[in-house]
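Residue numbers (this note's numbering): 52 to 365.
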C-alpha cells in the first residue's frame with residue numbers, strides 16, 4: 052500500500068515527461084482556453100517505472116501489448132493485453148513494468164472539457180470506475196478490445212484532422228465509451244479484474260529476488276540463477292503455489308518470467324558491449340554458446356549474431 056504523503060500532482064502540461072520516454076508536443080487544441088484539456092495518443096514508449104503520483108484530470112487507457120503492476124487508488128492490479136483502465140483526478144497511481152514493450156491508447160481529458168454545455172455536471176464523478184474504491188481495471192475479450200480500440204482510433208483521427216466540430220465529436224465519442232463501459236460494468240461479459248493484495252505482494256517479492264540475482268551482471272560476473280523451487284523456499288511457499296499465483300496474474304510460469312528477463316539482459320549486453328557471443332553466453336550461465344544462440348533465436352527470432360548485425364555491431 053502506498054503511503055499517502057508527499058505524492059506529487061501532475062497537470063496536463065507536465066505528466067507526459069513522467070509517463071513517456073518521448074513526450075508529445077501539445078498543440079493549442081490540447082491546451083484549450085481556460086482549464087479545458089483533451090489529448091489522445093497511441094503510445095509505444097511508456098516508461099518502465101512510474102512512482103506514486105496523482106493527476107488533475109481523467110485518463111482512460113487501453114493496453115494492446117505489455118504487462119506490469121499498476122496501482123489505482125486503493126487497489127493494485129496486474130495489467131496486461133486487452134485491459135481497459137480508468138484513472139480519476141487525485142487518484143493515487145503508480146506503475147512497474149514486467150515486460151520491455153508497452154503499447155496502448157491513452158486518452159486524457161479535464162472535466163471542464165467533457166462537461167462543456169452539459170446539464171449533468173456530475174456524470175464523471177458518479178461513474179464507479181473513476182472512484183477511489185471502485186474497480187478501475189477491466190479484462191476485455193478480443194471482441195470487446197477491438198470495439199474500444201476502434202473508438203480510440205476514431206478519436207485520434209478526429210483529433211489529428213481538427214475541424215469546427217471536432218470537439219463536439221470528441222465529446223460524443225467519449226460519452227459513448229463511458230456509457231458502454233458503465234452499461235457493461237460488473238456484468239459477466241465485462242469481467243472486472245479482482246487481484247488480491249497477497250498475490251501482488253508475492254509477485255513483487257519474487258521479482259525482487261530474481262532481479263537481485265541478475266545484478267551480478269553489472270559487476271562483470273557470471274550469473275547464478277536459482278531453481279524456481281529455491282525461490283519458493285526463500286519466499287516460504289511451495290513451488291506449485293508460486294507457479295499457480297504467478298500464472299494467474301501474468302499468464303506465464305515463474306520460470307518464464309525469469310527467462311524473459313534473461314533475454315532482456317542478453318539483448319542489452321549484445322547491444323552495448325563488445326564481448327564475444329561465447330563470453331556473453333558464459334556470463335548468462337550457458338556453458339554451450341550454440342545452445343544460447345538457439346534459445347535466443349527461439350525467443351526473439353534472431354540469433355545473437357543477427358541481432359548485432361542489425362544494430363551495427365559485429
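Built from N, CA and C at the ideal position, the CB exists for glycine as well.
Between the stretch 336-345 and the stretch 279-298, the count of C-beta pairs closer than 8 Å stays below three; the two stretches do not touch. Runs of the alpha helix (DSSP H) lying entirely within the stretch 130-190, each at least 4 residues long, are 162-166, 174-177 in chain order. Counting only residues of its own chain and dropping the five nearest sequence neighbours on each side, residue 315 has a CB closer than 7 Å to the CB of 151. Residue 297 and residue 280 have their C-alpha atoms roughly 14 Å apart. Going by DSSP, residue 100 is part of the beta strand (DSSP E) stretching over 100-106. About 4 Å separates the beta carbon of residue 88 from that of residue 63, a gap short enough to meet the 8 Å contact definition. Judged by DSSP in its simplified three-state form, residue 353 adopts coil rather than helix or strand. The residues 178, in chain order, have a CB closer than 7 Å to that of residue 229 in the same chain once the five nearest residues on each side in sequence are set aside.
By the beta-carbon neighbour count (other beta carbons within 10 angstroms, threshold 16), residue 225 is buried.
By the Cβ neighbour-count rule, residue 266 is exposed, with fewer than 16 other Cβ atoms within 10 Å of its own.
Here residue 273 is exposed: its Cβ has fewer than 16 other Cβ atoms, across all protein chains shown, within 10 Å. Here the stretch 195-206 makes no contact with the stretch 247-261; the two share fewer than three CB pairs at distances below 8 Å. Residue 126 is bridged by DSSP to 123. Of all alpha-carbon atoms in 323, 335, 330, the one lying nearest the alpha-carbon of residue 310 is that of 335. Put simply, the backbone Cα of residue 292 is about 32 Å away from that of residue 339. With distances taken between CA atoms, residue 262 lies nearest to 308 out of 295, 134, 308.
Counting only the Cα atoms, residue 112 lies some 7 Å from residue 155. Taking residue 312 as the centre and dropping the five residues before and after it, the same chain places the C-beta of 261, 262, 265 closer than 8 Å to its C-beta, in chain order.
For residue 108, the closest of 359, 166, 209 by C-alpha to C-alpha distance is 166. Partner residues in the beta bridge of residue 89, as assigned by DSSP, are 160.
Restricting attention to 357, 159, 302, 92, the CA atom closest to the CA of residue 211 is found in 92. Beta-bridge partners of residue 109 (DSSP): 160. The residues 175, in chain order, have a CB closer than 6 Å to that of residue 162 in the same chain once the five nearest residues on each side in sequence are set aside.
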